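Asks: Going by our numbering, the sequence shown opens with residue -3, and the numbers climb by one from there.
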Amino acid sequence: MFLQHDSTPGPSLRPDGSGISPGDWDVLSRFWFPIAEVVEVGAAPFKARLLDVDLVVFRGANGLAVARDRCPHRHVRLSGGQVEDGQIICPYHALAFDETGQCTRIPAVGPDARIPRNYRVETFPVQVRYGLVWTCLVPDPDRDLPVFPDLVDSRPEDVVFIKTRDWPVSSARQVENFFDIGHLPVVHGATLGGKPSDPVAAGKVTHQKDSVTLVAVYVETPFGGAPRPCEYTYRIVLPFAIDFTVRDGTGHDMRLYDIASPTSAHACRVFQFMKDTRHVDEHHRALIEGLDHVNLEDIGILAGMTQDDIPLNARHEIHLQVDNIAHAYRERLRGLGLGGAPVQDRDWALTEARTEPLENV
Ligand SMILES: [Fe+2]
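1) Determine the direct distance from the alpha carbon of I16 to that of G333, and round the result to whole angstroms.
2) Using the Cβ count rule (16 or more neighbours within 10 Å means buried), how would you classify A322?
3) Among P235, P218, T119 and D176, which residue has its Cα nearest to the Cα of L210?
4) Tell me the DSSP secondary structure of R333 in three-state form.
5) Any heavy atom of ligand 1 closer than 7 Å to the CB of V290?
6) Less than 8 Å between C-beta atoms, sequence neighbours within five positions excluded: which residues of the same chain meet that for D81?
7) Tell me the rounded alpha-carbon separation between V339 and P137.
8) Considering only C-alpha positions, which residue in the set T4, S8 and A44 is nearest to C264?
9) Any heavy atom of ligand 1 inside 7 Å of the beta-carbon of E293?
10) Are P87 and V105 close, meaning C-beta to C-beta below 8 Å?
11) Where does V208 land, buried or exposed, given buried means 16+ other C-beta within 10 angstroms?
12) Look up R151 in the DSSP assignment and say whether it is helix, strand or coil.
13) What I want to know is whether the C-beta of V266 ends up closer than 7 Å to one or more non-hydrogen atoms of ligand 1.
14) Exposed or buried, what is G127 when buried is set at 16 or more other beta-carbons lying within 10 Å of its beta-carbon?
15) Let me know if S167 comes out buried or exposed under the rule of 16 or more other beta-carbons within 10 Å of its beta-carbon.
16) Given 7 Å as the limit, tell me if V182 has its C-beta closer than that to any heavy atom belonging to ligand 1.
17) Please report how far the alpha carbon of N356 lies from the alpha carbon of S3, in whole angstroms.
18) What did DSSP end up calling G286 once you bin it into helix, strand or coil?
19) Check whether the stretch 287 to 304 touches the stretch 29 to 43, counting contact only when three or more Cβ pairs, one atom from each stretch, lie closer than 8 Å.
20) Using only the alpha-carbon positions, how far apart do A345 and R66 sit?
21) Helix, strand or coil: which one does DSSP assign to Y88?
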């Protein structure tokens, strides 16, 4: 009922009730994550969440701004207010905050009142890339956004999105689902083709400095057509982004990006997008709709998962040969210090992952 009188106001952004452990939260808070498509942020404030921290995105006088979604006066959500002249206005007492977070107007004390410098709402770094609004919860991020060479100079209008959805699983579970070739003929027979009895061969896994890559061959039979062997390349940029390429031998590679932004311990907002080739024709529209069907098939399976926290200790689950990529990915997550593991300051560049059976890892 009462906040304890001797508690320290705001020593950490991490909410007390967060399901993300303090150690994992500290590691992840140093990464950039997308919290909105640029086109989602219009004249009104946009409500977002990252690592259990409620955020508001708004159009400031000089560009997009990301602030904590709570007025420092009486903790009402700023996202319930409005934006006027590049400032966000609290819906409760109409305090105004500029894009740096400074309070600039308090109607109740009159227009000439001197407003203290510490009357501020916390704001966070912002970058706009790949048609997305990115932020980081530490003031001086020491990491870069994931680099997707094919899209690095793109403008928001150069990117076409598959429907952005909230998934009821952790970011790491979503990422693993995306690169899990073993489930394709079982779950996606109706969309990608294949049948549950089909064997699936493991691909080759390699490590790079900030990523781990799987190259595998999968035989697609989409919509009952002729079998089509495809080379799938998944470059997983740590911790939760994937640059995925499908080569089917026709010279028309499909390239799809997937980013699972961690809203909380067991939920993520998934942004999937492709480069807009300027001819979003019927084929493209069918492809985008088909990919959304694939997502819905996955959500149907994952929503019933019985272990929401992903184990980073291999003994907590059994593993198949095709899980060599999951094994390598979890090794890299541990290397970041997630799951309570010690941080590994190791040079991963261009090392090959183990490919032997995983029974005793
Ligand atoms: Fe799937």
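In this text, a Cβ means the ideal position worked out from N, Cα and C, and glycines have one as well. Just so it is clear, the structure is predicted and the values come from calculations on it, not from any experiment.
Replies: To lay it out plainly:
1) Spanning the two alpha carbons is a distance of roughly 13 Å.
2) With a 10 Å radius around the Cβ and a threshold of 16 neighbouring Cβ atoms, A322 comes out buried.
3) Among P235, P218, T119 and D176, the Cα nearest to that of L210 is on D176.
4) Looking at the sequence itself, residue 333 is Gly, so the reference to Arg does not match. Taken through DSSP and simplified to helix, strand or coil, G333 comes out as coil.
5) Ligand 1 has a heavy atom closer than 7 Å to the beta-carbon of V290.
6) Once the five neighbours on either side are set aside, the close Cβ partners of D81 are A57.
7) Spanning the two alpha carbons is a distance of roughly 18 Å.
8) Comparing Cα positions, the closest option is A44.
9) Relative to ligand 1, the nearest heavy atom lies less than 7 Å away from the CB of E293.
10) Annotated as distal: P87 and V105, with beta-carbon spacing of 8 Å or more.
11) Under this definition V208 is a buried residue.
12) Here R151 carries a coil assignment [DSSP, helix/strand/coil].
13) No, the beta carbon of V266 sits no closer than 7 Å to any heavy atom of ligand 1.
14) Residue environment analysis places G127 among the buried positions, since at least 16 neighbouring C-beta atoms fall within 10 angstroms of its C-beta.
15) The residue in question, S167, is buried, as its Cβ has 16 or more Cβ neighbours within 10 Å.
16) No - ligand 1 has no heavy atom lying nearer than 7 Å to the Cβ of V182.
17) Reliability fails at N356, whose pLDDT of 45 lies under 50, so the model's placement of it is uncertain and the value that follows must be treated cautiously. Linking N356 to S3 through their CA atoms gives a straight-line distance of about 47 Å.
18) In the structure shown, G286 adopts helical secondary structure according to DSSP, grouped into three states.
19) Too few Cβ pairs lie closer than 8 Å, so no.
20) Straight-line spacing of the CA atoms in A345 and R66 works out to 42 Å.
21) Y88: coil per DSSP, three-state reduction.
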